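Here is the structure we will look at.
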Amino acid sequence: MIELLEQQLTRALQQSLGAPVVDSLPLGSLQWEMPKDPAFGDLSCAVSFKLAPQRKQAPQQIAEQLVEALTAALGGLGLASRCDRVEAKGGYLNVFFSQRALEAVVRDILHAGPGYGRRRLSPARAINIEFVSANPTGPLSVAHGRQAAVGDVLARLLRSQGARVTAEFYLNDEGRQIELLGQSLKARYAQALGRDEAIPEGGYHGGYVAESAGRLRTLEGDALLERPLAWFCEQAMKEQLQHIQDDLGHFGLHFDRWTSQRWLRTSGRIEAALQTLQERGMLYEAEDATWLASTKFGDDKDRVVRKRDGELTYLAPDIAYHQWKFEQGYDTMLNLWGPDHHGYIPRLKAAVAALGLPAERLAVRIVQLVTLSRQGKPVPMSKRAGEFVTFREVMEEVGVDATRFFYLMRTMDSHLDFDLDLAKSRSKDNPVYYVQYAHARICSILGKARVAWWARWRPPLQRLAEPQTQALIRVLAQYPVVLRLCAGAFEPHGLTVYLRRLAECFHVFYDTHRVISEDQPLSAARLALVRATRQVLANGLGLLGVGAPRRM
RNA sequence: GCCCCAGUAGCUCAGUGUGGAAGAGCAGCGGUUUCCUAAACCGCGUGUCCGCCGUUCGAAUCGGCGCUGGGGCACCA
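Per the numbering used here, residue 467 is the first one in the first sequence, and the count goes up by one each step.
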């Protein structure tokens, strides 16, 4: 409703201004926004400020002229019933929805049900999101957990807006880190047999490796030291991968595709990608190594793709991976990385450009770090000493719902302080419970109402007229806009902000007005409103992967 | 030295996309319970939007120079 109205208001403005004037204005001048203060109406436009210089008039004066033109145009477009009035205030054009427009919002939601807020695009955009992609060398960290939450919800959001989304985990299943993991496991195994064998430099000291060695003894016996290192690597990697998959499954995250680096290599894609670069003249030999001329595409310096010892650098498989994805016809490739990788963005973009591929369609977002705290005090973490709280432990301590919600409460650009005590608390301080409680409250109300009540009535929605009631409906109307903006910006946190606002409006409404009363027509109208509210809460929580409980 | 992120109320942070009307939660103080869940609600906010300069009719938002905190700058992944 709101978006349709926005478009039509913009069209009305265009009509009243005329094409030459519209073309002379900066892009976006005719846009409508939703003001925070209800005194400024439901939609506002600041076009008068843009017109002021060329007309040499005060914005307020221009706005007053536009009010008349706009009102006339609205009548012509048959929108008069949707807008009570258009007024000029402080130079702004403020449009106020009519009661009938608000009623239409409630009807729309009940009609669309779970589909409210979703949209279809044709043709659908194909988007690949690559995220988490943790090395299978140990437990997932709380930072991986944040990437999991952001990526998963982003995938759901983009799907809700009509995109075809592939959620992908890039699996680093070979190379130096896996080798170190295998060596560490072998060393722990040998130590368990009483041998003096040290963990290699840069190896994995975490207790989980020793546990893994213990299991190996129990299952396979004490005669494994003759096995080649590769066998230990394979064992260790498979076990850690299984843990990662278990954790992500527990989190409710499903990846559509797991792409293995080993597969990229054995299928010849890495050599093929290097061949492409070679043919395009982007590679050269120097200092006994092979270099990519990435400075041609904005990188600080050229990068080695094949080392002096003949081994490939990590850049080579990444180039192959992106070439392969682009061949599959994705319109957009979105990668979520940790902040330690941000310096890697220019060289990867350069590499993609060097392949002759559209680098602007590769989007990389950095998900900033997470720190944990209890009662306002930071939880100390030392990765070197192997003392850190894992993603799994957080999920188990505070529950999946709270974990997901907390991970999404900040923009991914911001460092996140995750308060474990707050996430566990069952009070209004805890935003998860605050939102879920609104949903459970509505379920409780609907449980008390006899079904026949709202089935019999065609609810007189015109009676939903009190300020708190209208405030609630206005927020309900914004839901589709919120989804579109979040999906468009690749930034899901706005949805948690929105749901808190929606829950707040509902709680205020609930405390001010009784839903079920002796006044049956009014009750029917309010029941329709709370059903619509429940629907939007459920839809929004569903996109977050957070439960919408019927009781708490 | 270079790059990225952050800096807004006592604390934690929205708002920066597309310049346009300074916000929320917590903490603190004071209220609300014959009622569909008090896991709730209501009231109380003068703040150097880190600083300076610039662009503009207009800057928390854009540009430049700095400051503070965090992260990153490999022939590691």
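The beta carbon of each residue, even a glycine, is placed where N, CA and C say it ideally should be.
Keep in mind it's a predicted model, so treat the numbers as computed, not measured.
In this structure, how does DSSP classify residue i when only helix, strand and coil are distinguished?
| i | result |
| --- | --- |
| K522 | coil |
| W697 | helix |
| F884 | strand |
| S983 | coil |
| T603 | coil |
| I832 | strand |
| E499 | strand |
| A510 | Looking at the sequence itself, residue 510 is Ser, so the reference to Ala does not match. Looking at S510 - three-state DSSP - the assignment turns out to be strand. |
| F563 | strand |
| L568 | helix |
| S733 | coil |
| N896 | coil |
| A904 | helix |
| H577 | helix |
| P1015 | coil |
| E677 | helix |
| D806 | helix |
| A485 | helix |
| T877 | coil |
In angstroms with no decimal places, state the Cα-to-Cα distance between residue i and residue j.
| i | j | result |
| --- | --- | --- |
| I982 | A904 | 17 Å |
| S607 | Y780 | 22 Å |
| L995 | D797 | 40 Å |
| E932 | L568 | 12 Å |
| R654 | V963 | 47 Å |
| V1002 | L942 | 7 Å |
| V513 | S495 | 5 Å |
| G669 | E705 | 17 Å |
| L682 | W729 | 27 Å |
| R460 | W498 | Since the first residue of the chain shown is 467 and the last is 1018, residue 460 is not available in this structure. |
| I939 | D574 | 11 Å |
| V845 | R858 | 16 Å |
| P486 | A505 | 33 Å |
| L961 | L545 | 30 Å |
| K890 | K843 | 15 Å |
| M703 | P605 | 11 Å |
| R548 | L988 | 22 Å |
| Q839 | D662 | Here the sequence assigns Ser to residue 839, which means Gln is not the residue at that position. S839 and D662: Cα-Cα distance of roughly 39 Å. |
| A696 | H788 | 28 Å |
| A752 | Q834 | 36 Å |
| V488 | A755 | 57 Å |
| T732 | A786 | 12 Å |
| A664 | R642 | 18 Å |
| R693 | Q701 | 11 Å |
Quick check on this structure: which residue in the options has the alpha carbon closest to the alpha carbon of residue i?
| i | options | result |
| --- | --- | --- |
| Y976 | A1014, P589 and S910 | S910 |
| G557 | L620, E530 and Q526 | Q526 |
| S678 | L691, R907 and S650 | S650 |
| L927 | V571, P504 and V552 | V571 |
| G691 | V675, G715, A658 and M703 | Per the sequence shown, the amino acid found at residue 691 is Leu instead of Gly. Looking at the Cα atoms, A658 is the closest of the given residues. |
| D867 | L719, V487, A524 and L543 | L719 |
| H709 | T856, L949 and S490 | T856 |
| T837 | Q565, H807, F872 and L823 | F872 |
| G1013 | V771, T869 and H577 | T869 |
| R521 | L483, G542 and L536 | L483 |
| A600 | L758, E640, Q841 and L540 | E640 |
| P805 | R612, E472, T537 and L1007 | R612 |
| R1019 | R1000, F956, Q986 and R967 | Lying before the first or after the last residue shown, residue 1019 is absent from the chain, which here runs from 467 to 1018. |
| G579 | A998, D503 and M1018 | A998 |
| E970 | D985, P925, G954 and Y899 | Y899 |
Assuming residue i and residue j make a contact with CB atoms under 8 Å, what is their CB distance in whole Å?
| i | j | result |
| --- | --- | --- |
| A633 | F721 | 5 Å |
| I593 | V533 | Incorrect: roughly 42 Å between the Cβ atoms, too far for contact. |
| V616 | L475 | Actually they are not in contact, since the Cβ atoms of V616 and L475 sit about 34 Å apart, beyond 8 Å. |
| L647 | C699 | 7 Å |
| R831 | L800 | 7 Å |
| L949 | G583 | 5 Å |
| H959 | L874 | 5 Å |
| V478 | L559 | For the record, residue 478 in the displayed sequence is Ala; it is not Val. Incorrect: roughly 11 Å between the Cβ atoms, too far for contact. |
Based on DSSP bridge pairs, tell me the residues matched to residue i.
| i | result |
| --- | --- |
| N594 | T632 and M799 |
| W724 | F635 |
| T837 | D883 |
| P844 | S839 |
| Y558 | K555 |
| T756 | E751 and R772 |
| T856 | S607 |
| C549 | F563 |
| L778 | R772 |
Quick one: is the Cβ of residue i within less than 6 Å of any heavy atom of the ligand SAH?
| i | result |
| --- | --- |
| A554 | This structure does not include the ligand SAH; it has no bound ligands of any sort. |
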